[in-house]
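Chains as they are written, first to last, in the numbering used here: chain A, 1 to 286; chain B, 1 to 316.
From the three backbone atoms N, C-alpha and C, an ideal C-beta is built for every residue, glycine too.
Here is the structure we will look at.
Below you can see the structure in the form of structure tokens.
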């Protein structure tokens with residue numbers, strides 16, 4: 001029997017890796033065109049989103065409001081570029097629309113907008129996503145629906161108190177259909193997360209709040225797929241995936257560089273970045 | 001008329017409970033506030049439709065938005081002072097901006113917690129909620145209007161902030177059957193030609209009493225129950241300005257940004273007429289019971305009569 005979750009999805013890991021690099025190229029072009037965007041943050045979460053959207057999540061671009069779909073809540077809403085590029089690539093809306101990113105009157109604004117098919121909620125103010133996910137998960141459970149709720153948070157976002165209100169509630173209600181993901185790239189807008197506001201020991205904090213915690217390499221798509229597929233890892237417990245990532249991943253001169261958080265690549269930088277990513281694509285095709 | 005002993009919050013719970021027995025999508029959420037929200041009966045009788053979030057007002061609104069996005073019809077019942085301040089960003093983004101069908105019941109609103117101090121007063125809630133696009137803002141006058149309002153809101157698909165008080169208020173209507181509640185449509189409870197009193201929530205009873213007092217002094221007074229602050233019934237306000245030429249507003253709220261401000265915004269852009277705004281001045285409200293605090297700040301029939309007489313003299 002075909003698992004409908006993976007029907008029509010890409011199961012070949014290499015193909016997923018190529019997809020991720022292509023999405024990186026797309027988002028860099030989009031940001032360069034718009035002259036604005038959260039470049040480093042989007043490059044950081046691209047592999048996570050690729051694993052979710054091209055393999056793990058049960059979704060149907062033709063039916064964005066399908067009742068039994070898995071939900072994705074972009075709690076770190078500022079990293080929306082990779083998400084838009086993926087949704088367009090999946091066919092939720094025409095790819096040409098990416099040209100309107102952040103343009104006058106566009107619906108593709110700089111944070112997730114639920115007027116865009118495939119976007120569930122308007123996010124962008126940090127610390128909101130996990131509470132919403134708790135509500136979605138409760139509704140699904142009450143109606144006996146199989147939906148899982150994937151919530152991507154930033155590591156800097158962990159300083160928001162509301163994250164922990166939601167963490168407490170998800171464990172209290174034993175919502176094992178909630179899967180939280182932290183894009184742990186260790187950089188926030190003002191610098192290293194541990195200098196701005198120490199988060200460590202982060203895994204222990206989540207465990208203490210009643211979550212099943214697993215740490216992965218957030219750029220190892222095979223590992224990401226395996227971990228996401230395995231959730232819930234313990235019945236009655238929400239899962240927290242700490243995805244260790246590199247901000248600016250895939251572009252050598254952007255990696256781990258603080259100002260690339262929302263730096264817009266110059267023409268030369270774009271050219272070099274795309275060349276690097278194309279080289280990686282070539283390697284993956286060998 | 002004998003003194004009413006049933007608070008609006010109790011009527012809200014009973015009405016919701018009755019409807020929720022049939023409509024399983026209706027859910028009630030409280031933040032350790034089920035007692036003060038009079039929702040204990042709901043929690044006991046429909047536990048599957050009840051969610052407790054603990055003392056976490058940001059989380060309660062976010063969870064409600066998620067429930068709504070998942071097809072439920074959540075009603076959050078949390079003290080107005082916290083709900084309208086601590087969780088205002090969740091109200092703005094998760095409810096209004098995301099267009100989720102969440103009803104936000106601000107309980108113990110205004111100066112209901114009279115002696116507990118400014119931390120527990122909510123006299124800025126109307127100002128902040130009415131500035132948020134896509135959010136309706138309503139205040140019921142008495143238990144009968146509360147019942148009809150609750151029934152109407154169950155069928156309204158969208159975010160609403162409902163402010164209710166803690167203590168029983170004297171009836172403004174003789175029965176619920178008499179109430180024709182329509183969101184965004186003011187109720188002309190008395191007609192008159194010399195001046196208009198506009199009130200909302202618990203000041204409606206004061207306005208009705210004031211109108212009677214004015215009538216006894218030979219002043220013909222129109223009285224509008226502006227139960228919906230947003231969307232505002234601008235037609236009723238323009239008509240009041242055109243036909244009576246003077247307006248006094250009464251509210252259990254800061255004189256800044258509430259009912260008076262909303263009415264004034266309409267009046268000055270339509271046809272300026274003399275106006276007075278009665279409410280809580282820009283200070284931490286004095287301690288006391290509602291009637292005492294109202295009287296202290298001039299929200300009383302006697303003071304309204306005096307002001308009306310002065311305004312009518314100016315008009316001549």
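Can you tell me where the beta strand (DSSP E) holding residue i begins and where it ends?
i, result
"residue 102(A)", "First-last for residue 102(A): undefined, no H or E at that position."
"residue 300(B)", "Counting along the chain, residue 300(B) falls outside any beta strand (DSSP E), and DSSP gives it neither H nor E."
"residue 180(A)", "178-184"
"residue 289(B)", "Careful: residue 289(B) lies outside any beta strand (DSSP E) and carries neither H nor E."
"residue 150(A)", "149-154"
"residue 162(B)", "160-163"
Can you give me the start and stop residues for the alpha helix (DSSP H) that residue i sits inside?
i, result
"residue 217(A)", "Careful: residue 217(A) lies outside any alpha helix (DSSP H), inside the beta strand (DSSP E) at 212-217."
"residue 43(A)", "39-51"
"residue 198(A)", "Residue 198(A) -> no alpha helix (DSSP H), and no H or E assigned at all."
"residue 106(B)", "No alpha helix (DSSP H) contains residue 106(B), which is instead part of the beta strand (DSSP E) from 103-107."
"residue 330(B)", "Nothing about residue 330(B) can be read from this structure; chain B reaches only from 1 to 316."
"residue 270(B)", "259-270"
"residue 51(B)", "Careful: residue 51(B) lies outside any alpha helix (DSSP H), inside the beta strand (DSSP E) at 50-52."
"residue 174(B)", "It is not in any alpha helix (DSSP H) - residue 174(B) carries neither H nor E in the DSSP assignment."
"residue 278(A)", "267-285"
"residue 288(A)", "Shown here, chain A extends from 1 to 286; a query on residue 288(A) therefore has no answer."
"residue 26(A)", "13-34"
"residue 224(A)", "221-230"
"residue 149(B)", "143-154"
Helix, strand or coil: which one does DSSP assign to residue i?
i, result
"residue 95(A)", "helix"
"residue 85(A)", "helix"
"residue 5(A)", "Residue placement at residue 5(A) is poorly supported in this model, since its pLDDT is 46, which falls under 50; the coordinates are not used for a value here."
"residue 188(A)", "strand"
"residue 133(A)", "helix"
"residue 17(B)", "helix"
"residue 40(B)", "helix"
"residue 6(B)", "coil"
"residue 246(A)", "coil"
"residue 47(B)", "helix"
"residue 214(B)", "helix"
Considering only DSSP beta bridges, list what residue i is partnered with.
i, result
"residue 74(B)", "27(B)"
"residue 230(B)", "137(B)"
"residue 71(A)", "149(A)"
"residue 223(B)", "190(B), 197(B)"
"residue 276(B)", "248(B)"
"residue 84(B)", "Bridge partners of residue 84(B): none, in fact."
"residue 110(B)", "122(B)"
"residue 240(A)", "180(A), 213(A)"
"residue 341(B)", "Since the first residue shown for chain B is 1 and the last is 316, residue 341(B) is missing from the structure and cannot be characterised."
Report back the beta-carbon spacing between residue i and residue j to the nearest angstrom; my notes put them in contact at under 8 angstroms.
i, j, result
"residue 320(B)", "residue 140(A)", "Lying outside 1 to 316, the shown extent of chain B, residue 320(B) is not represented and no answer is given."
"residue 75(A)", "residue 123(A)", "6 angstroms"
"residue 206(B)", "residue 299(B)", "6 angstroms"
"residue 242(A)", "residue 215(A)", "5 angstroms"
"residue 31(B)", "residue 57(B)", "6 angstroms"
"residue 61(B)", "residue 11(B)", "Wrong, their Cβ atoms sit about 24 angstroms apart, outside the cutoff."
"residue 104(B)", "residue 83(B)", "6 angstroms"
"residue 17(A)", "residue 284(A)", "5 angstroms"
"residue 187(A)", "residue 261(A)", "7 angstroms"
"residue 167(B)", "residue 40(B)", "With 8 angstroms as the limit, residue 167(B) and residue 40(B) do not qualify as a contact, their Cβ atoms being about 17 angstroms apart."
"residue 210(A)", "residue 171(A)", "3 angstroms"
Quick one: is the Cβ of residue i within less than 8 angstroms of any heavy atom of the ligand SAH?
i, result
"residue 111(B)", "Because no ligand of any kind appears in the structure shown, any question about the ligand SAH cannot be addressed here."
Q: Report yes or no: do the region 222-231 of chain B and the region 185-192 of chain B share at least 3 C-beta pairs separated by less than 8 angstroms?
A: yes
**Q.** Segment contact flag, the region 270-286 of chain A with the region 109-126 of chain B, C-beta cutoff 8 angstroms, min 3 pairs
**A.** no
Q. So, do the region 167-184 of chain A and the region 140-154 of chain A have three or more beta carbon pairs nearer to each other than 8 angstroms?
A. With a cut-off of 8 angstroms, the region 140-154 of chain A and the region 167-184 of chain A count as touching, because enough Cβ pairs lie within range.
Q.
Taking contact to mean 3 or more Cβ pairs, one atom from each stretch, closer than 8 angstroms, check whether the region 121-131 of chain A and the region 18-28 of chain B are in contact.
A. no
(Q) Any contact between the region 79-93 of chain A and the region 30-43 of chain A? By contact I mean 3 or more CB pairs, one from each, below 8 angstroms. (A) yes
(Q) Whether or not the region 89-106 of chain A and the region 54-74 of chain B are in contact is what I'm after, with contact meaning three or more pairs of Cβ atoms, one per stretch, closer than 8 angstroms; do they touch? (A) no
**Q.** Segment contact, 8 angstroms Cβ cut-off, at least three pairs: the region 135-153 of chain B with the region 168-185 of chain B
**A.** yes
(Q) Does the region 43-58 of chain A come into contact with the region 217-230 of chain A, if we say contact requires no fewer than three beta-carbon pairs (one atom in each stretch) closer than 8 angstroms? (A) yes
**Q.** Three-pair Cβ contact test at 8 angstroms for the region 193-209 of chain A versus the region 15-30 of chain A
**A.** no
Q.
Under 8 angstroms, with one C-beta from each stretch per pair, do the region 106-125 of chain B and the region 241-256 of chain B reach the 3-pair mark?
A. yes
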